[in-house]
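What follows is a single structure, written as structure tokens, with notes after it.
Numbering (full-length UniProt numbering), first residue to last: 1 to 170.
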């Protein structure tokens, strides 16, 4: 459980680092300092092997997968085979991505209700914009209420269910 909590924190920082650079969002100093200090020890050596291509920080994404793989490798103790551990790691990696997007959406919803002018609110909005933009084109405002966050959360929940069914063999 401790290994999983540490892996989730580190993997989340690596995925956030990848997403910030992928969509070209400049983070506030506090977020940047936390994210980069937490993940530089892994990203910098990986960049020597895997350079950024196409404007994407592949070292951060691969680093996140390696953290998931490391955390999942404890399944070897339960007698799991290598292909099964790799498959489980890939499933958990995709789940971390989906849960990360869900967390960002919930944080944006909280900011919009509690303090829309909070210092981190524009940053979180910018992180969510690539997800919400296509939904906003389809889902109209209902009485000046933007339901795109709710629709995005439902879509992500469905994606989690489908992912679970795909990997469970149902």
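Positions of the beta carbon are idealized from the N, C-alpha and C atoms, including for glycine.
How many Å lie between residue 86 and residue 166 at the Cα? 15 angstroms
So, using beta-carbon positions, are residue 171 and residue 93 closer together than 9 angstroms? The chain is shown only over 1 to 170; residue 171 falls outside these bounds and no answer can be derived.
Please determine, among 90, 160, 65, the residue with the shortest C-alpha to C-alpha distance to residue 15. 65
Give a yes or no on whether the C-beta atoms belonging to residue 101 and residue 131 are separated by under 9 angstroms. Contact check for residue 101 against residue 131 passes: the beta carbons are separated by less than 9 angstroms.
Do residue 47 and residue 59 come within 9 angstroms of each other at the CB atom, strictly closer than that value? yes
For residue 139, which three-state DSSP category applies? Coil at residue 139, not helix or strand.
Bridge partners - residue 56, DSSP secondary structure assignment: 53
Beta-carbon separation (whole angstroms), residue 57 vs residue 24, contact threshold 8 angstroms: Contact flag wrong, Cβ pair sits at about 11 angstroms.
Compute the Euclidean distance between the alpha carbons of residue 88 and residue 51, then round it to the nearest angstrom. 26 angstroms
Residue 153 versus residue 40 - alpha carbon distance: 31 angstroms
Would residue 96 and residue 8 be called neighbours here (beta carbons separated by less than 9 angstroms)? Yes. Within cutoff.
Alpha carbon to alpha carbon, how far is residue 151 from residue 135? Whole-angstrom Cα-Cα distance: 8 angstroms.
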